[in-house]
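These notes are about the structure you will find just below.
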Amino acid sequence: MGILIIMPPDGRQRRRENLVERLFCRALDLDGFGQSEERVMFYYEKALRLCPEHLMSLVNLGTIYFGRRQFVVALEYYDRAIQTNPYYGLAHFNYASTLDELGRREEALTSYQQAIYLGHTDAYYNLALLYQGTKRWMEAVACWQAYIKADPLSMWAVVARRELQLIRGKILVKPVLSETAEVQFGGCNEIRFGKK
22 MGILIIMPPD
32 GRQRRRENLV
42 ERLFCRALDL
52 DGFGQSEERV
62 MFYYEKALRL
72 CPEHLMSLVN
82 LGTIYFGRRQ
92 FVVALEYYDR
102 AIQTNPYYGL
112 AHFNYASTLD
122 ELGRREEALT
132 SYQQAIYLGH
142 TDAYYNLALL
152 YQGTKRWMEA
162 VACWQAYIKA
172 DPLSMWAVVA
182 RRELQLIRGK
192 ILVKPVLSET
202 AEVQFGGCNE
212 IRFGKK
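Each position in the sequence shown, counted from 1, maps to that position plus 21 in the working numbering.
Okay, structure coming up:
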């Protein structure tokens, strides 16, 4: 049985880590005070020059590029974040959202599912929209329900409930005759009789 010796970081490494955190916090502060994106980006990029795997700087730079609709660049930052920490659900969610914007729906679907698996339940919302856009109604219903369960009180839950009702009203019940209705589920029809 061996002995594990954990050495504390040397002074230089500790100073570098502290500097990276100060640069990151400076970028957050500037962003919070509405400073220019260029100024905010300067501090994130400086942090990344010192520590190329600084997760939050990678994600936040990706988000800035996403906001600028520079999706390919945003995707690169999110990919680097995922390579740095494959268990960070937000990075997968942002990666999926960017793929979705680029029209790469199947890849986005897989990344949204990974984000959900990692506990980022906001991905249910976007996944539901993706399923709705491809007319995969039952999957959309399941995602809306999961989103509402995870986040029942937010304004987004109100939107999710409305979308759920729209789907139900649109595809689930169509009157056929006065005493029957045709119910559609994913292309399968079932006849239900009206009055008992």
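Ideal Cβ placement from N, Cα and C applies to all residues, glycine included.
Within the same chain, A102, T105, N106 and Y109 come within 7 Å of L76 by CB-CB distance, once the 5 residues on both sides are set aside.
Under the DSSP assignment, C72 falls outside any alpha helix (DSSP H); it carries neither an H nor an E label. Taking 7 Å as the cut-off, the Cβ atoms of I192 and A181 do not count as close.
Under the 10 Å beta carbon count, E184 is surrounded by 16 or more other beta carbons and is classified as buried. Of the residues N39, E38, L40 and Y64, the one whose Cα lies closest to the Cα of D50 is Y64. Counting only the Cα atoms, F114 lies some 6 Å from Y133. Cβ contact annotation for R47 (same chain, cutoff 6 Å, sequence separation greater than five): Y64, in chain order. As the crow flies, the alpha-carbon of Y99 is around 13 Å from that of G88. Relative to T142, the option among R125, V93, Q34 and W165 whose CA is nearest is W165.
Looking at R125, Y116, L150 and Q153, the one whose alpha-carbon comes closest to that of Q135 is Y116. In the three-state reduction of the DSSP assignment, T155 falls in the coil class. In the structure shown, L139 adopts coil according to DSSP, grouped into three states. Taking all protein chains shown into account, I24 has fewer than 16 neighbouring C-beta atoms within 10 Å of its C-beta and is therefore exposed.
Counting only the Cα atoms, K156 lies some 31 Å from I85. Annotation: the continuous alpha helix (DSSP H) that includes D50 extends over G32 to G53.
The beta-carbon separation of A112 and L120, rounded to 13 Å, does not stay under the 8 Å limit for a contact.
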